[in-house]
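Trainee:
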Amino acid sequence: MSNYRDKYDVVIGLEVHAQLNTKSKAYSNDPNEFGAIPNTNISPVTLGHPGTLPKPNTEVINHAIRLGLACGSEITKEMHYARKNYFYPDLPKGYQITQDTTPICTGGKILIKKEDGTPKEINITRIHMEEDAGKSMHDQDPFDTLVDLNRAGVPLVEIVTEPEMRSSTEAYSYLTEIRKLVRYLDICDGNMEEGSLRCDANISIMPKGSTKFGERCEVKNMNSIRNVQRAIEHEIDRQAEIIENGGTIHMETRNFNAVDGTTTALRSKEQAHDYRYFPEPDLQPLLVTQDQIEAIRSELPPLPNDLFKKYCEEYGLTEYDATVLTDSKGIALYFEQLIAETSNYKAAANWVINSVKSHLNKNAQEINEFPLAPKAIADLIKLIEEGKISNAAATQRIFPALVQAPKKSALDLANELNLIQESDEGELERIVQSVFDNNPSETERLKGGEKKLIGFFMGQIMKESKGKADPKSTNKIIQKLLQ
Amino acid sequence: MFKSYSELNKALSQKETTCVEVVNAYIQEIDKRKSLNAFLEVFAESALKTAESVDAKIANGTAGKLAGFVISLKDNICFKGHKVSASSKILEGFESIYNATVVERLLAEDAIIIGRLNCDEFAMGSSNENSSLGYVRNPIQEDKVPGGSSGGSAAAVAAGLCLAALGSDTGGSIRQPASFCGTVGLKPTYGRVSRYGLLAYASSFDQIGPLTNNVEDAALLLEVMAGKDHMDSTSSSREVANYSKPEESGKKRKIAYIKETIDSDGVDPEVRASVLKSIEQLRADGHEVEAISFPYLDYMVPTYYVLTTAEASSNLSRYDGVHFGYRSESAKDVESTYVASRSEGFGPEVQRRIMLGTFVLSAGYYDAYYTKGQKVRRIITEKTEEIFSRYDFILTPTTPATAFGLGENIDDPITMYLQDIFTVQANLYGGPAISLPMGNHSNGLPFGIQLMASKFEESKLLSFSKELMS
């Protein structure tokens, strides 16, 4: 770690590419699927064969608008596509169809957490649509680079932020939020390892307290959120070291090496491509109406930030609980269904956060594989509320049995397992009286006001009732018999 | 040979001949005129096979409306399972794996595609001398050029080697060779005919159109080819009229002619005289003909070259020696694959235009050239549309003169570019234009008169053209 880093502030802007999970590619009918046999989803259009033309997929436009609305961006009503020209073996046409001067979304915000946990808004500059290139594979053959064009033409959105992040933790938080958001919106699977979510980071440093940004470096090829954080940390050290040793930072593109966490120069500003953007003449300008936008808005799913707010403010849950519940869309939706069945929000949160999540973790399952319907959990909560079963019996005995036999009702299982609590007053009175009778001296002391003996009596009563005595009713009966 | 499809159709339906006989006869004609170098390849096998099946359909009365129509394709239109090269070395040996939409539509109506025709490389040229497969001779006088870039198409139709040919027109590439060879050449409205399967030169200018012996055949082919295609999002969904059965014939029209196109020093005196004579005839026939001024003539060719080369520089990036087509033997790594394959694969005119286009799109020059070019195009479009708000047609010579000699202008790209001076206007504003073989020069060569109409006014244009030619 550099000794100088404390003297500098870091300035970070991120460019995130998210592969959209549309059925077909951005400009052809080819299926958009990850992991297909190489070079099988390749029509003449994907291959860029002479004479072929792009055909815009409206699903891509709708996905991009969904994201823009979720970020609070302005949706562009009239826009055109642009060509970005460069030569690369995995780019069959020699240009990428993208957007340049008229991105589909401008502005918008993502709410992140600073290092101290306080919230911060990161402004989005723009979101635009483009197509992915194919995939060059350098490690499949000892001599040649192989190209898989299945990915060529897969739709992407690129989300560009203002340079507003001030630590690697903030960048981490931003990416976590973006990933959560695209998954909630169901527009991208958010998988950084498979490359469906990719991030380039623009990083510069400036003396602490300064407002004038330093020269920035763009770092590429970080395939996890953790690696983005590592790359930023490395860049702070590297850039500080250079400046402190009297050097200057030059604008350049750098490559992240996951093995040692360092970055190396790829190309300087002088070597940067001139992409010769110009309006794509093969596609008509795209018009979006307010009606279209409103139709998409009306179908937006609940978003993590809205749910978080609702859980804290309306349901009185802790921030911790709300965070865990909104962390993934599946859990949040499960919780939403659960609280449609019960208004005991705190109990519902506890059930999901503890029992349900630990079951999923133990079995390496996703929530959609969880065997119990939210109704079953609501039934358990109700049985506890009614005093029919104890919380301990519900979590430790009935829940594990229920996931094994999800078709049975909670009540039936409680009966089968003989876990229904004794709240029949006559029977309870009989048990309490017999415990009193068997412990006359302790009974006298209790009557004399020795309150701590309640615990002793409870234990005895529980033993006698084989754990089925409902503590609340029992307490009431003890008080009654003592009078 | 047959001079029109109606003649051929009659002969077929009266069983005077068969499609197989017709195809064989054309194959013989093509062989006789090999010296023209119009055909790059005769699709004898597939044409005869199609002919047999069309004969069967005629026999049982299920044949389409182009049954037996023998057509050849400019070598930039894709025909599945057949070679297509845009007359370029860079596509040496390349075979198309799909059909252009126009080919699909022609075949669906039982046309027979007999071969592919020489052209200027990637449709860049006005003389067909920019072909990597040799120049084409004008069938009327073989020491003259046939025009370009659809030179093979015009020569083949004029020489009777097929009944019609498809060409493509980016700045005059159908009409100029039609003028030089004495055929009808029609450039439809931009978006009227699908470009899917046409090897792109300049996407916002290119249109496929027919070269024929007469207006009726052009109308019939357009009727089959035109209409929305979901593979080309720039194609128009406007309804396709019955071009072959014009409804509005016999109307008195208002025609404008641009003074500058007649007065210009560059116009051959006989061409000028002939146009003026046509104007007199039109007036005599009761049409209103007026001279107008169009002060943008000098800006049209430069605007055209800035914009078309920009688009071409991008469109031709896919020919990189990596995925298909020609790869240089000296390719050692990625960089040399690009540089060597493209330097060896593209001819000098194509390279010139790629460089020009790359320059006008480059950072620092974009606004001065590309943006300005787009602005001028918009102005020309507006001014042209203004004319069409007052007139039905604009009349000009198609070309300033008749066909020039082979090799005569080859070292002078500017003179060559000025061949397009009267034709580029239609591509800039996107409307339909036709060259009609109305002129015969004392030098023995034909020349055309061009009529332009407002966008999607093909019906009006074709019915009027038919009247003019009758």
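Line by line, the protein sequences give chains G and B.
Following the working numbering, the numbering of the first sequence begins with 1 at its first residue and continues without gaps.
Following the working numbering, the numbering of the second sequence begins with 1 at its first residue and continues without gaps.
Glycine included, every Cβ here is placed at the ideal spot set by N, Cα and C.
Predicted, not measured: the structure shown is a model, and the values here were computed from it.
Could you give the distance in angstroms between the alpha-carbon of LEU117 (chain B) and the alpha-carbon of LEU149 (chain G)?
Mentor: 32 Å
Trainee: Going along chain G, which residues have a C-beta under 9 Å from ASP232 (chain B)?
Mentor: LEU53, LYS55, ASP282
Trainee: By DSSP, does ALA401 (chain B) sit in helix, in strand, or in coil?
Mentor: coil
Trainee: Using a C-beta cutoff of 7 Å, does ASP274 (chain G) count as contacting chain B?
Mentor: yes
Trainee: Kindly say whether GLY48 (chain G), judged by its beta-carbon, lies nearer than 7 Å to any beta-carbon of chain B.
Mentor: It does: the Cβ of GLY48 (chain G) has a partner Cβ on chain B nearer than 7 Å.
Trainee: Which same chain residues end up closer than 7 Å to ASP30 (chain G) when comparing Cβ atoms and leaving out the 5 residues on each side of it in sequence?
Mentor: SER24, ASN41, ILE42, SER43, THR46, GLY153
Trainee: Helix, strand or coil: how does DSSP classify ILE90 (chain B) here?
Mentor: helix
Trainee: Quick check: what's the CA-CA separation for LYS468 (chain G) versus SER168 (chain G)?
Mentor: 54 Å
Trainee: For LYS84 (chain G), I'd like the list of residues in its chain whose CB is within less than 7 Å of its CB, leaving aside the five on either flank, ordered along the chain.
Mentor: Residues of the same chain with a CB within less than 7 Å of the CB of LYS84 (chain G), apart from the 5 flanking positions on each side, are TYR95, GLN96, THR98, TYR275, TYR277 in chain order.
Trainee: Could you give the residue range of the alpha helix (DSSP H) that holds SER72 (chain B)?
Mentor: Careful: SER72 (chain B) lies outside any alpha helix (DSSP H), inside the beta strand (DSSP E) at 70-74.
Trainee: Evaluate PRO484 (chain G) with the Cβ neighbour count: other Cβ atoms within 10 Å of its Cβ, from every protein chain shown; 16 or more gives buried, anything less gives exposed.
Mentor: Since the first residue of chain G shown is 1 and the last is 483, residue 484 (chain G) is not available in this structure.
Trainee: Mind checking if LEU361 (chain B) is an interface residue toward chain G, Cβ cutoff 7 Å exclusive?
Mentor: yes
Trainee: Could you please give me the residues that DSSP links to ASN202 (chain G) through a beta bridge?
Mentor: G:GLY13, G:GLU218
Trainee: Please state whether DSSP places MET225 (chain B) in a helix, a strand or coil.
Mentor: helix
Trainee: Please identify the residue among G:LEU417, G:GLU385, G:GLY387, G:GLU386 whose C-alpha is closest to the C-alpha of PHE399 (chain G).
Mentor: G:LEU417
Trainee: By the criterion of Cβ-Cβ separation under 9 Å, what are the contact partners of GLY94 (chain G) in chain B?
Mentor: Close to GLY94 (chain G), with beta-carbon spacing below 9 Å, are these residues of chain B in chain order: SER314, ASN315, LEU316, SER317, ARG318, TYR319, ASP320.
Trainee: Just to confirm the assignment, what range does the alpha helix (DSSP H) spanning ALA322 (chain G) have?
Mentor: 319-326
Trainee: Closer than 7 Å, CB to CB, is TYR196 (chain B) near chain G or not?
Mentor: yes
Trainee: Taking only beta-carbon atoms, is ASN85 (chain G) less than 7 Å away from chain B?
Mentor: Taking Cβ atoms only, chain B reaches closer than 7 Å to ASN85 (chain G), which makes this a yes.
Trainee: Determine the direct distance from the alpha carbon of ASP189 (chain G) to that of HIS82 (chain B), and round the result to whole angstroms.
Mentor: 42 Å
Trainee: Mapping the DSSP letters down to three states, classify PRO163 (chain G) as helix, strand or coil.
Mentor: PRO163 (chain G): coil per DSSP, three-state reduction.
Trainee: When Cβ atoms are compared, which residues of the stretch 197-222 of chain G fall closer than 8 Å to chain B?
Mentor: none
Trainee: Taking the alpha carbon of ALA240 (chain G) as the point to measure from, which residue in G:GLN229, G:THR253, G:ASN354, G:ILE205 has its own alpha carbon closest?
Mentor: G:ILE205
Trainee: Between PHE143 (chain G) and chain B, is any beta-carbon pair separated by less than 7 Å?
Mentor: no
Trainee: Assuming ILE122 (chain G) and MET192 (chain G) form a contact by the criterion Cβ under 8 Å, report the distance between their Cβ atoms to the nearest whole angstrom.
Mentor: Between MET192 (chain G) and ILE122 (chain G) the Cβ distance is about 18 Å, and since that is not below 8 Å, they are no contact.
Trainee: Kindly identify the DSSP beta-bridge partner or partners of MET129 (chain G).
Mentor: MET129 (chain G) is bridged to G:VAL157.
Trainee: Residues of chain B with a CB under 9 Å from the CB of PRO38 (chain G): which are they?
Mentor: Chain B residues near PRO38 (chain G): none, gap ~14 Å exceeds 9 Å.
Trainee: Which residues in chain B have a C-beta closer than 7 Å to the C-beta of PRO44 (chain G)? List them in chain order.
Mentor: ILE97, TYR98
Trainee: Is LEU117 (chain B) close to chain G, meaning its C-beta is less than 7 Å from at least one C-beta of that chain?
Mentor: No, its Cβ sits nowhere closer than 7 Å to a Cβ of chain G.
Trainee: With H, G and I counted as helix, E and B as strand and the rest as coil, what does DSSP make of PRO269 (chain B)?
Mentor: helix
Trainee: Considering only their Cβ atoms, is the gap separating ILE71 (chain B) from ALA111 (chain B) smaller than 7 Å?
Mentor: yes
Trainee: Quick one: any contact between the stretch 125-144 of chain B and the stretch 177-184 of chain B, if contact means 3 or more CB pairs under 8 Å?
Mentor: yes
Trainee: Select from G:GLN290, G:ILE249, G:ILE225 the residue whose C-alpha is nearest the C-alpha of GLY261 (chain G).
Mentor: G:ILE225
Trainee: Any beta-carbon of chain B closer than 7 Å to the one on PRO89 (chain G)?
Mentor: yes
Trainee: Can you name, in chain order, every residue of its own chain whose Cβ lies under 8 Å from the Cβ of THR248 (chain G), other than the five neighbours on each side?
Mentor: GLU215, ILE242
Trainee: In whole angstroms, what separates the C-alpha of GLY147 (chain B) from that of VAL84 (chain B)?
Mentor: 21 Å
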